[in-house]
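Step one of this worksheet: look at the structure below.
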Amino acid sequence: MTLQTSPIALLYPGDRAARDRSDPAQSRFADLFDAFAAAGTPAMPAIWHDDFAGEVEAQLQAARVVLVWCNPIEGGRRRDALDAMLRRLSARGVVVSSHPDAILKLGTKDVLYDTRELPFGSDVQRVDCLSQLEAELPQRLARGPRVLKQYRGQSGNGVWRVEAVDPSSPWTKLRVRHAQRGAVEETITPAALRGTLAPYFERESGGHMIDQAWQTRLPEGMVRAYLVGDRVAGFGVQAVNALYPATNGDAPQPGPRLYHGPELAPYRGLRRKLETEWIEMLRSCVGLPREQLPLLWDCDFLLGERRDGEDERYVLCEINVSSVAPFPPSAIAPLVAAAQACVER
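Letter 120 of the sequence shown, counting from 1, is numbered 120 in UniProt numbering, and no numbers are missing.
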């Protein structure tokens, strides 16, 4: 097998058969491959798996830009070997997006704690151990439900809504629901909650959790702003999303995410805030160098409680950096242009 070489590579996970094919038309990025080809810089597929990591690294010696899609956990494996390779490539001058250091600064739930004082922040606490959870959570539950989030994950894994059945006695019976698709609401004891959350406090899982106040306007939907560097490239709007209020304990199935271009009228204010203020605030707050801003990333926002005289308020729910797909068609052209600009530089 002779693999295509190109200054631009699209890296995504797959098995040996997928790597042997290396067929862009059979990947979920077919439209992006087509766009690179139409722009005069055909991109090469770099199918990743730990089992043939050396092959992938050898293939990428010719690359100037590597665009990466790989979740924190893929097929039961963490991406430690991948991140080590990406750091080696970056040290040789290859532009890696998203760089593992950018993921650690933006793509974990810690970003909610780091930015809690910014305009899009909210009531967020860091919980470093189970004893701290038991000491502090009852006081917060007396004021309303909380959402406990593991340090790093995807697809709702490790995100739990917790509510006191009786707020006047918040540490007796608890209503809990996991954010993963198909989860059901349960009523459990604090001891059972401790057992459920204990694995997230283990060292290999990050050793802590993030505790965010429940946003009461969640049933009004969530908006995902897709960004190429520091510019909004499109929006995804989802009405029924994770942790949407259950009926008789049964969670509704998430609805589709509808994709729109960056000019979507209801979110022009959000776009303006992101491009003129918030992205720079965020970057500075977490200590991310401008050159490490991902070429493709997204921010999820919920609607916050309005304050007197304020415009619509948006609350950051999470940032996705590791594997941003699917994305709106409007993001393809700016992403191609940004990658080509990196090659030229």
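The beta-carbon is built from N, C-alpha and C at its ideal position, and this holds for glycine as well.
Candidates the options, of which the one nearest residue i by Cα
i: Y72; options: Y226, L335, Q154; result: The amino acid occupying residue 72 in the given sequence is Pro; Tyr does not appear at that position. For the residues Y226, L335, Q154, the minimum Cα distance to P72 belongs to Q154.
i: E202; options: S22, C129, Q215; result: C129
i: L193; options: Q215, I319, L148; result: L148
i: I332; options: G229, L270, P266, Q292; result: G229
i: L105; options: D311, E186, E318, A62; result: As written in the sequence, residue 105 is Lys, which differs from the Leu given in the question. Closest by alpha carbon: E318.
i: T5; options: L227, E57, A18; result: E57
i: G76; options: V94, D50, Q59, R88; result: D50
i: S90; options: Q340, A62, P266; result: A62
i: V315; options: L227, S131, G121; result: G121
i: D300; options: L137, L227, D31; result: L227
i: L205; options: L218, R268, Q150; result: The sequence shown places Ser at residue 205, not Leu. It is Q150 whose Cα lies nearest to the Cα of S205.
i: A53; options: A246, R16, D23; result: R16
i: S27; options: A39, W48, G40; result: W48
Check whether residue i and residue j have beta carbons under 8 Å apart
i: V232; j: P262; result: yes
i: V162; j: A179; result: no
i: V321; j: V65; result: no
i: P294; j: S97; result: yes
i: L112; j: I8; result: no
i: R152; j: T108; result: yes
i: A43; j: L10; result: yes
i: L274; j: A225; result: yes
i: P119; j: A142; result: no
i: R126; j: H208; result: yes
i: T187; j: K173; result: yes
i: L60; j: A37; result: no
i: Y12; j: F29; result: yes
i: L133; j: A339; result: no
Helix, strand or coil at residue i [DSSP, three-state]
i: A233; result: strand
i: C285; result: helix
i: Q59; result: helix
i: C342; result: helix
i: R177; result: strand
i: F120; result: coil
i: T276; result: helix
i: A239; result: coil
i: V165; result: coil
i: L264; result: coil
i: R306; result: coil
i: L89; result: helix
i: D250; result: strand
i: R271; result: helix
i: L293; result: coil
i: R19; result: helix
i: V336; result: helix
i: A331; result: helix
i: V324; result: coil
i: P219; result: helix
Beta-carbon proximity list for residue i, same chain, < 7 Å, skipping 5 on both sides
i: D330; result: First, the residue type needs correcting, since residue 330 is Ser and not Asp in the sequence shown. Hits under 7 Å: A233, G234, G261, P262.
i: Q292; result: H99, D101, A102
i: D114; result: C285, V286
Sequence-distant residues of its chain with Cβ nearer than 8 Å to residue i (five each side left out)
i: D123; result: R116, Q212, A213
i: L258; result: G236, V237, Q238
i: P256; result: Q238
i: R306; result: E312, R313
i: G287; result: K105
Counterpart residues of residue i in DSSP-defined beta bridges
i: D211; result: Q125, L148
i: I47; result: Y12
i: E318; result: D300
i: Y259; result: G236
i: Y226; result: G234, D298
i: I188; result: L174
i: W69; result: W69 pairs with nothing; no bridge assigned.
i: V96; result: V66
i: E74; result: R77
i: V159; result: K149
Residue i beta carbon near the ligand GTP (any heavy atom closer than 7 Å)
i: G76; result: The ligand GTP is not part of this structure, which contains no ligands at all.
Beta carbon proximity, residue i to chain D, threshold 8 Å
i: E275; result: This model lacks chain D altogether, as it is built from one protein chain only.
Chain-order list of residues whose beta-carbon lies under 6 Å from that of residue i (same chain, five-residue window excluded)
i: I103; result: V321, S322
i: N241; result: M222, P254
i: R177; result: R161, A183, E185
i: T2; result: For T2, the predicted structure reports a pLDDT of 45, less than 50, and the residue's modelled location is therefore unreliable. The matter cannot be settled from this model.
i: G156; result: A179, Q180, A242
i: A35; result: I332, V336
i: L302; result: Q215, L218, M222, V315, C317
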